[in-house]
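Residue numbers (the numbering used here), protein chains in the order written: chain A, 80 to 452; chain B, 80 to 452. Beta carbons: idealized from backbone N, C-alpha and C, even for Gly. Only a predicted model underlies this, so the values are computations on that prediction, with no experimental measurement involved.
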């Protein structure tokens with residue numbers, strides 16, 4: 080049951096206080112690659128696509144999906160959350176944790192429950208939240224796997240397995256000519272999308288980030304911010320993902336990303352860091368230590384400013400400037416300073432002004448003792 | 080003797096490490112008034128003004144002045160510094176300590192000694208440096224007394240005494256009709272100028288500082304920065320002084336300043352602080368604590384930024400937000416972060432880049448332990 084402020088109660092199937100799998104700071108190339116993501120778009124044969132389906136069709140597709148997902152034994156524990164039973168606070172938490180899209184959280188609200196007045200849901204593998212399946216978003220099923228560091232090959236293997244298990248008891252909409260059919264043409268084919276979240280503070284500082292964006296654009300790759308399409312690159316975090324899937328195999332798409340582009344960008348960032356440390360070490364040290372100074376002293380903090388300073392501290396850690404700090408608590412703070420998580424931690428709905436005060440307090444408390452001068 | 084870097088040696092008559100009288104943070108209205116200053120312009124009868132005097136005239140005037148100043152028993156200890164024996168580093172220190180003007184420190188240099196190639200000097204009462212007398216600046220004698228807090232009446236009494244003691248053995252250039260004759264017409268008459276250095280961070284934050292400047296201008300008062308004419312108002316410090324003396328008695332000039340203007344400005348600043356603390360306390364607390372955070376963590380600091388943060392800390396102290404801190408060490412840092420003093424503390428000449436590093440180090444060290452979070 081939800082409390083009066085609409086915050087998740089103690090029986091919530093998801094532990095919103097814990098960091099998610101993609102914040103661990105572990106895995107391959109974790110100095111630059113924050114997380115990897117694979118996503119499959121699938122639709123159930125015999126049902127119209129979500130955007131052209133009647134309410135009854137969608138309710139029916141939801142029921143069929145639920146039954147199948149629950150029967151498929153995808154993970155040891157799987158939380159099933161129907162969005163019409165959630166309120167704004169919980170949906171915000173799910174978006175901030177990258178478990179559902181902003182689009183999935185939006186819609187006409189039910190006046191009685193406060194939930195989204197649509198037959199929509201998300202299934203989340205707990206406790207690591209690596210697997211999530213949105214039901215009735217743009218497609219009937221959007222299967223997502225996220226992991227820490229660069230792990231796209233592993234994610235592909237695992238998401239194929241999840242896909243097979245679901246397909247074992249259901250017919251997907253499929254065309255022998257085009258492949259899996261999806262609501263948006265860019266997903267037709269394998270229906271797969273790969274993405275990585277990169278931490279590129281040095282390329283941002285040198286200004287070379289614009290070159291990376293242009294190069295990626297020329298290769299049909301999208302470069303987006305921390306919260307996807309249209310969001311700014313807070314904390315110097317950039318998502319790079321493939322744009323189209325039609326006519327390409329999963330392996331070919333993966334090769335496009337991991338064969339050339341990713342190693343190049345990771346290499347650029349590393350050499351930019353190296354150059355900055357060699358030739359402008361006092362500038363980097365100044366930025367990193369100022370970030371600590373501000374975060375341990377400020378009484379007012381916006382999300383944006385908190386994330387930018389956390390980014391600098393993360394750079395300091397991976398560059399070896401702060402041997403006493405670890406990456407994971409800093410990454411975790413990137414999530415906890417978000418409005419939804421902050422209100423969850425405070426146990427009440429906060430105005431924007433209150434959030435800035437409470438955010439500063441949270442960050443001070445979490446960094447106290449951890450961060451020296 | 081000076082060391083190779085041109086820094087004052089251990090036998091220097093002035094202890095450049097110590098704070099000067101005007102940095103003590105004591106005295107009347109010390110929450111707003113940093114220091115008070117009285118200055119007399121005097122010329123010796125029978126000698127041409129400095130700007131129209133030959134080199135021999137000036138050398139002669141210097142010798143006469145020295146003899147008289149030394150004989151007058153003005154203070155227990157009086158240091159006599161001839162500027163042609165000083166180098167750039169020492170002159171910078173004297174300017175930063177407000178013991179000589181920038182103009183007095185400048186001039187054609189002697190290639191052998193590095194000193195100013197002019198017969199110029201300054202006499203400084205030690206150890207408090209409250210009294211200083213520039214010889215052969217714009218006038219033969221510029222007598223200055225500085226004190227902490229608002230103490231103009233006391234300074235007037237003391238500077239009159241100094242004036243009388245000097246005049247007892249020398250003839251001043253004087254006209255029964257105009258009064259004391261000076262090189263610049265604005266000083267003719269009593270030749271006196273009063274000034275106060277005000278700390279006005281709250282009026283700066285509210286933007287009302289512009290109103291104060293306009294009002295002061297309308298009353299023939301000058302508003303200048305920390306280092307006088309043409310200098311910016313670093314650390315939110317503003318000097319207010321009278322502009323003209325002709326036809327007015329010393330008491331009348333003093334009344335103009337202390338009767339209406341000063342109490343009004345002090346009152347404005349206090350009420351602005353009060354209002355900010357009542358209605359925007361989190362904004363003030365944020366600024367004050369951020370200042371501590373940055374100064375205890377930054378690895379690079381410009382003079383300007385250091386002074387601005389020190390200003391905020393000083394505001395925090397006088398507003399009662401930082402009970403563990405005292406004003407005097409913070410005021411002292413306002414002086415020590417200046418380029419000349421910084422180089423003196425480091426014992427060598429520093430490039431601008433080195434100064435930013437050493438300044439940050441100095442401030443961190445001095446604030447360590449003193450300032451909590």
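Under a Cβ-count criterion, where at least 16 other Cβ atoms within 10 Å of its own Cβ denotes burial, should residue i be classed as buried or exposed?
i: residue 305 of chain B; result: buried
i: residue 185 of chain B; result: exposed
i: residue 98 of chain B; result: buried
i: residue 321 of chain A; result: buried
i: residue 165 of chain A; result: buried
i: residue 264 of chain B; result: exposed
i: residue 257 of chain B; result: exposed
i: residue 368 of chain A; result: buried
i: residue 149 of chain A; result: exposed
i: residue 336 of chain A; result: buried
i: residue 135 of chain B; result: exposed
i: residue 171 of chain A; result: buried
i: residue 197 of chain B; result: buried
i: residue 357 of chain A; result: exposed
i: residue 180 of chain A; result: buried
i: residue 313 of chain B; result: buried
i: residue 94 of chain A; result: exposed
i: residue 261 of chain B; result: buried
i: residue 77 of chain B; result: For chain B, the structure presents residues 80 to 452; residue 77 of chain B sits outside this window and is missing.
i: residue 452 of chain B; result: With a pLDDT of 45 at residue 452 of chain B, under the threshold of 50, the predicted position of this residue should be treated as unreliable, though the coordinate-derived value follows. The residue in question, residue 452 of chain B, is exposed, as its Cβ has fewer than 16 Cβ neighbours within 10 Å.
i: residue 187 of chain A; result: exposed
i: residue 80 of chain A; result: Low per-residue confidence applies at residue 80 of chain A: pLDDT is 38, beneath 50, and the placement is therefore not dependable, though the value from the model is reported in the following sentence. Residue 80 of chain A comes out exposed.
i: residue 396 of chain B; result: buried
Please say whether residue j and residue i have beta carbons closer to each other than 8 Å?
i: residue 223 of chain A; j: residue 118 of chain A; result: yes
i: residue 120 of chain B; j: residue 297 of chain B; result: no
i: residue 302 of chain A; j: residue 317 of chain A; result: yes
i: residue 129 of chain B; j: residue 219 of chain B; result: yes
i: residue 115 of chain B; j: residue 230 of chain B; result: yes
i: residue 143 of chain A; j: residue 348 of chain A; result: no
i: residue 251 of chain A; j: residue 123 of chain A; result: yes
i: residue 273 of chain A; j: residue 178 of chain A; result: no
i: residue 176 of chain B; j: residue 414 of chain B; result: yes
i: residue 379 of chain B; j: residue 442 of chain B; result: no
i: residue 435 of chain B; j: residue 381 of chain B; result: yes
i: residue 386 of chain A; j: residue 416 of chain A; result: yes
Throw me the rounded Cβ distance for the residue i and residue j pair, which I believe falls under 8 Å.
i: residue 225 of chain B; j: residue 202 of chain B; result: Actually they do not touch by this definition, with Cβ atoms about 14 Å apart.
i: residue 103 of chain A; j: residue 431 of chain A; result: About 30 Å; that fails the 8 Å criterion.
i: residue 291 of chain B; j: residue 284 of chain B; result: With a Cβ gap of about 13 Å, residue 291 of chain B and residue 284 of chain B do not count as contacting.
i: residue 153 of chain B; j: residue 204 of chain B; result: 7 Å
i: residue 372 of chain A; j: residue 377 of chain B; result: 7 Å
i: residue 412 of chain B; j: residue 389 of chain B; result: 6 Å
i: residue 426 of chain A; j: residue 168 of chain A; result: Between residue 168 of chain A and residue 426 of chain A the Cβ distance is about 11 Å, and since that is not below 8 Å, they are no contact.
Give the range of the beta strand (DSSP E) segment to which residue i is assigned.
i: residue 276 of chain B; result: 271 to 278
i: residue 221 of chain A; result: 220 to 227
i: residue 123 of chain B; result: It is not in any beta strand (DSSP E) - residue 123 of chain B carries neither H nor E in the DSSP assignment.
i: residue 321 of chain B; result: 316 to 321
i: residue 303 of chain A; result: 300 to 303
i: residue 93 of chain A; result: Note, residue 93 of chain A: premise wrong, no beta strand (DSSP E); not H, not E.
i: residue 210 of chain B; result: 210 to 214
Which two residues bound the contiguous alpha helix (DSSP H) that contains residue i?
i: residue 182 of chain B; result: 181 to 184
i: residue 192 of chain A; result: Here residue 192 of chain A belongs to no alpha helix (DSSP H), and DSSP marks it neither H nor E.
i: residue 382 of chain B; result: 382 to 397
i: residue 348 of chain B; result: 341 to 358
i: residue 157 of chain A; result: Unbroken run through residue 157 of chain A is the beta strand (DSSP E), 156 to 161; no alpha helix (DSSP H).
i: residue 416 of chain A; result: From DSSP, residue 416 of chain A is part of no alpha helix (DSSP H); its letter is neither H nor E.
i: residue 33 of chain A; result: Past the boundaries of the shown model lies residue 33 of chain A; chain A is included only from 80 to 452, so the question cannot be answered.
i: residue 151 of chain B; result: Residue 151 of chain B -> no alpha helix (DSSP H), and no H or E assigned at all.
Does the Cβ of residue i lie closer than 7 Å to at least one heavy atom of the ligand COA?
i: residue 415 of chain B; result: By its list of ligands, the structure shown contains no ligand whatsoever, and the ligand COA lies outside what it can speak to.
Out of the options, which one is the CA nearest neighbour of residue i?
i: residue 206 of chain A; options: A:241, A:335, A:158; result: A:158
i: residue 287 of chain A; options: A:234, A:332, A:355; result: A:355
i: residue 276 of chain B; options: B:267, B:260, B:227; result: B:227
i: residue 194 of chain A; options: A:204, A:176, A:160, A:180; result: A:160
i: residue 132 of chain B; options: B:239, B:177, B:171, B:199; result: B:199
i: residue 342 of chain A; options: A:109, A:169, A:88, A:96; result: A:109
i: residue 151 of chain A; options: A:240, A:259, A:443, A:427; result: A:240
i: residue 384 of chain B; options: B:438, B:360, B:331; result: B:438
i: residue 89 of chain A; options: A:433, A:423, A:428, A:429; result: A:423
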